[in-house]
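Quick notes on the structure that follows.
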Amino acid sequence: MAVVRLRAPLSELAGGNRELDLDGATVAEVLRALEREHPGTRGWILDEHGRIREHVNVFVNRDYGREETAVGASDRLHVIPAISGG
Amino acid sequence: MTELLVGTKKGLFVLEGEPSGAFGITSRHFAGEPVEFATRDPRTGRFFACVTSAFYGPKIFHTDDLAAEWQQGSGVELPEDAEKPLERLWTVVPAEDDDHLYAGGAPGVLFESRDGGTSWELNKAFWEQPTRPEWSPGAGGMCMHSIATWPGDPERVALAISAVGVWLTDDGGETWRNGNKNLYPRYMPEEAREDTLTLCVHNMHRAPKRPERLFMQFHGGVYRSDDAGETWTSIADGLPSDFGFPMVVDPDDPDNAYVIPLVADMDRVTPEGKVRVYETRDAGASWTARGDGLPSDDAYLTILRQAFCSVGAGPTLGLYFGATSGDVFGSGDAGKTWFTAATKLPPVHSVRVA
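Here it is, written out as structure tokens:
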């Protein structure tokens, strides 16, 4: 299982968990597993099309990940708002 | 005591005060998030906020108590085969039947709730309009910002979208048709003006006491319709400019409406550095400037389409508007005199009386 690390407000939507163990072979699969376990996160990281929202970054360990990026059992996914806005 | 819901670029501010002087901030919600619109359903007392996080996308939240947590409404999303995800939410409007609400958003979408705003569903008939592939957005996106219900008749609704004109239904949203006759989009080539769908409505309101009458602020034009939105007549003569965003209609007097003109589409500030609300008492035949108490020197403000509202009716009609400067102004006497309700807020997106 990969470890998914969340910050507020996502951690609040995930039952107060800042870290969760979730199954999935790709970033998209892991994030879908997050949505199944914590339905309140649905639509917050992935949009209606299953794409990572434009201003959300998902890192697999230290590298930027996309929906199709492979995820191994010992990987850590960090979900972090992008450095953008005004 | 009057309670204002002020949606800003950096959260929702709740203000309280008497319609004569400064209001105080009683609470702040969604700190740091853009709140495009906030309102209260007078039937149930439930508060709604349209929040478009730059990171996590648009959501509708509701709460029955401002001291309690906000809940996210479910179903506010587009079908998976949509070309783009939902971009923004612009308005929430109570319908005429119990527990029924409408919400408008971009790209040109209408949601409906049948349970008081807890869950929402896309209006499929409007989503599947055959002309949708030809629709164009305005500068703020393809926003559905105005939803005008018909008092006592839940079947009849008028919508307005920037920049896809006016849409009408007589069957509760099962079918839709355009209501654009005589709108004059001077930003289009002359040969394309007659039948274009690119009609940039900025705001539209129905006169509740005479529901076949609608008023409209257009992208260059101010109009009135006396046939429920089928055809439109220019009422811009007498205004310093026919450009602006918001509009307010006196709920008791179908001849009484207010606009806040800006210079032009290329210069979206109050003309000559003076903030003036213009009032008509004869359905647009003439306009009177109302500015007693409003800034009259070096004031170049921008007032957005949802940032002007009213409460009450008649001689004590309350009027409130906010600017992107973070100032909020109010009047307790139908615009005769004005006061500054708040300053130094973040840029104001919307103002509604709770």
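Line by line, the protein sequences are chains Z and B.
Numbering that gives the first Met the number 0 applies: residue 0 is where the first sequence begins, and numbers increase by one.
Numbering that gives the first Met the number 0 applies: residue 0 is where the second sequence begins, and numbers increase by one.
Note that the Cβ used here is the ideal one computed from N, Cα and C, for glycine as well.
Spatial distance of Z/Leu12 from B/Phe29 (CA atoms): Position 13 of the first sequence holds residue 12 of chain Z. Position 30 of the second sequence holds residue 29 of chain B. For Z/Leu12 and B/Phe29, the distance between alpha carbons rounds to 15 Å.
Own chain partners of B/Gly290 with C-beta closer than 6 Å, once the 5 adjacent residues on each side are dropped: Counted from its first residue, the second sequence places residue 290 of chain B at position 291. Within the same chain, B/Gly290 has close Cβ partners Arg275.
The beta strand (DSSP E) enclosing B/Trp149, as first and last residue numbers: The residue you call residue 149 of chain B lines up with position 150 of the second sequence. From DSSP, the beta strand (DSSP E) with B/Trp149 extends over Cys142 to Trp149.
Proximity test, Cβ basis, 9 Å: Z/Gly84 and chain B: As a first step, residue 84 of chain Z must be located in the first sequence, where it is residue number 85. In this predicted model, Z/Gly84 has a pLDDT of only 48, less than 50, meaning its place in the structure is not dependable enough to derive any value.
Pairwise C-alpha distance: B/Gln305 and B/Leu182: Stepping through the second sequence from its first residue, residue 182 of chain B is reached at position 183. Stepping through the second sequence from its first residue, residue 305 of chain B is reached at position 306. When rounded, the distance between both Cα atoms is 22 Å.
Continuous beta strand (DSSP E) stretch holding B/Trp166: start and end: Position 167 of the second sequence holds residue 166 of chain B. First-last of the beta strand (DSSP E) with B/Trp166: Gly164 to Thr168.
Below-9 Å beta-carbon distance, Z/Leu127 vs any chain B residue: The structure shown does not extend to residue 127 of chain Z, since chain Z is modelled only from 0 to 85, so the question has no answer here.
9 Å Cβ cutoff, Z/Val29 in contact with chain B: As a working note, residue 29 of chain Z is residue 30 in the first sequence. False, the Cβ-Cβ gap to chain B never drops below 9 Å.
Neighbour-count burial assignment, B/Pro207, 16 or more Cβ in a 10 Å radius: For the purposes of this step, residue 207 of chain B is taken as the residue at position 208 of the second sequence. Per the 10 Å Cβ criterion, buried.
Counted within 10 angstroms of its Cβ, other Cβ atoms place B/Arg185 as buried (16 or more) or exposed: Here residue 185 of chain B refers to the residue found at position 186 of the second sequence. Exposed.
Boundaries of the alpha helix (DSSP H) in which Z/Ser10 is found, first to last residue: Taking the first residue of the first sequence as position 1, residue 10 of chain Z is located at position 11. From DSSP, the alpha helix (DSSP H) with Z/Ser10 extends over Leu9 to Leu12.
Proximity winner among Z/Asp62, Z/Gly49, Z/Arg61 and Z/Leu45, relative to Z/Val55 (alpha-carbon distances): Here residue 55 of chain Z corresponds to residue number 56 of the first sequence, with the count starting at 1. Comparing Cα-Cα distances from Z/Val55 to each of Z/Asp62, Z/Gly49, Z/Arg61 and Z/Leu45, the minimum goes to Z/Leu45.
Distance, Z/Asn16 Cα to Z/Ser100 Cα: Nothing can be reported for residue 100 of chain Z, as the shown portion of chain Z is limited to 0 through 85.
Proximal chain Z residues relative to B/Ala81, where beta-carbon distance stays under 9 Å: Start at 1 with the first residue of the second sequence, and residue 81 of chain B comes out as number 82. Chain Z residues near B/Ala81: Glu47 and His48.
Z/Gly84 (DSSP reduced to helix, strand or coil): Locating residue 84 of chain Z in the first sequence gives position 85, where the first residue counts as 1. The pLDDT assigned to Z/Gly84 is 48, lower than 50, so where the model puts this residue is not dependable; a value taken from the coordinates is nonetheless given after this. Note: Z/Gly84 maps to coil in three-state DSSP.
Collapsed DSSP secondary structure at Z/Gly39 in the structure displayed: Mapped onto the first sequence, residue 39 of chain Z falls at position 40. Reduced to three states, the DSSP call for Z/Gly39 is helix.
Beta carbon of B/His218 nearer than 9 Å to that of B/Val248: As a first step, residue 218 of chain B is located in the second sequence; it is residue number 219 there, counting from the start. As a first step, residue 248 of chain B is located in the second sequence; it is residue number 249 there, counting from the start. The answer is no: Cβ separation not under 9 Å.
Unbroken beta strand (DSSP E) run spanning B/Phe217, endpoints: As a first step, residue 217 of chain B is located in the second sequence; it is residue number 218 there, counting from the start. In this chain, the beta strand (DSSP E) harbouring B/Phe217 covers Leu213 to Phe217.
Three-way DSSP call (helix, strand, coil) for B/Phe22 in this model: What you label residue 22 of chain B is simply residue 23 of the second sequence in a count that begins at 1. In the structure shown, B/Phe22 falls within a coil segment according to DSSP collapsed to helix, strand and coil.
7 Å Cβ shell around B/Gly334 - same chain, five flanking residues per side excluded: As a working mapping, residue 334 of chain B is identified with position 335 in the second sequence. So the list reads Tyr257, Val276, Glu278, Arg289 and Leu318, once near-sequence residues are dropped.
CB contact below 9 Å: Z/Ala13 versus chain B: Taking the first residue of the first sequence as 1, we reach residue 13 of chain Z at position 14. With a threshold of 9 Å between beta carbons, Z/Ala13 makes no contact with chain B.
7 Å CB neighbourhood of Z/Gly84 in its chain, flanking five on each side removed: Residue numbering aside, residue 84 of chain Z sits at position 85 when the first sequence is read from its first letter. Because Z/Gly84 carries a pLDDT of 48, less than 50, the predicted location of this residue cannot be relied on, and no value is offered for it.
Any chain Z beta carbon closer than 9 Å to B/Leu85: As a working note, residue 85 of chain B is residue 86 in the second sequence. Output row for B/Leu85: interface = yes.
CB of B/Leu261 within 9 Å of CB of B/Ser295, strictly: Position 262 of the second sequence holds residue 261 of chain B. Position 296 of the second sequence holds residue 295 of chain B. No; because the gap between Cβ atoms is not below 9 Å, this pair is not in contact.
Contact with chain B by Z/Ala7, beta-carbon distance below 9 Å: Walking along the first sequence from the start, residue 7 of chain Z turns up at place 8. Chain B, which has no Cβ nearer than 9 Å to the Cβ of Z/Ala7, makes this no.
Cβ-Cβ distance between B/Gly10 and B/Glu35 below 9 Å: Within the second sequence, the letter at position 11 stands for residue 10 of chain B. Within the second sequence, the letter at position 36 stands for residue 35 of chain B. No, these two residues do not count as a Cβ contact at 9 Å.
The segment 114 to 130 of chain B / the segment 37 to 45 of chain B touching (three or more Cβ pairs under 8 Å): yes
Contact check, B/Gly56 vs B/Glu120, beta carbons under 9 Å: For the purposes of this step, residue 56 of chain B is taken as residue 57 along the second sequence, with counting starting at 1. For the purposes of this step, residue 120 of chain B is taken as residue 121 along the second sequence, with counting starting at 1. No; because the gap between Cβ atoms is not below 9 Å, this pair is not in contact.
Proximity test, Cβ basis, 9 Å: Z/His77 and chain B: Here residue 77 of chain Z refers to the residue found at position 78 when the first sequence is read from its first residue. Chain B contact via Cβ: absent.
Continuous beta strand (DSSP E) stretch holding B/Phe125: start and end: For this step, residue 125 of chain B is matched to residue 126 along the second sequence. Run containing B/Phe125: none in the beta strand (DSSP E); it sits in the alpha helix (DSSP H), Lys123 to Trp126.
Extent of the continuous beta strand (DSSP E) run through B/Cys199: Indexing the second sequence from 1 puts residue 199 of chain B at position 200. Counting along the chain, B/Cys199 falls outside any beta strand (DSSP E), and DSSP gives it neither H nor E.
Exposure of Z/Asp74, with buried meaning 16 or more beta-carbon neighbours within 10 Å: Within the first sequence, residue 74 of chain Z is the residue found at index 75, counting from 1. Z/Asp74 is classed as buried because its beta carbon has at least 16 other beta carbons within 10 Å across all chains shown.
Where B/Met246 falls, given that 16 or more other Cβ within 10 Å makes a residue buried: Position 247 of the second sequence holds residue 246 of chain B. Burial call: buried.
Residues from the segment 34 to 67 of chain B in contact with chain Z, defined by Cβ distance under 7 Å: Of all residues in the segment 34 to 67 of chain B, Ala53, Phe54, Tyr55 and Gly56 have a Cβ within less than 7 Å of some Cβ in chain Z.
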